[in-house]
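Residue numbers (the UniProt record's numbering): 1 to 102. Heads up, the beta-carbon is just placed ideally off N, CA and C, and yes, glycines get one too. Written out below as structure tokens is the structure these notes cover.
This is the structure in structure tokens:
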């Protein structure tokens, strides 16, 4: 036991086949993600630390832009402590270019 429970650790998977701008339109994904973060904040009485993996980091980045436009940067300041990006493709995927060029 390392201290994580259903009330302080959640996974928010998404359909990777759908472009980010359609995730909210089709699935209400960003509304769902906002609700999850607010629920964690409410239950644990502290800001939420987000961890993303691979393309999930691009989705979270898109979410941050969406939530700031809809609810202001104050929402992020109140609810999000930080963001750990694991294996994030922020600079693209250079291996793809090497494969295509060889």
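Residues bridged to residue 85 (per DSSP): 52
Residue ranges of each beta strand (DSSP E) within the segment 12–66, 3 or longer: 48–53
Hey, how far is the Cα of residue 15 from the Cα of residue 69? 23 Å
Alpha carbon to alpha carbon, what distance is there between residue 99 and residue 47? 42 Å
When the Cα atoms are used, what is the spatial distance from residue 44 to residue 12? 18 Å
DSSP three-state call for residue 76: helix, strand or coil? helix
Using DSSP with H/G/I as helix, E/B as strand and the rest coil, what is residue 100? helix
Going by DSSP in three states, residue 71 sits in which element: helix, strand or coil? helix
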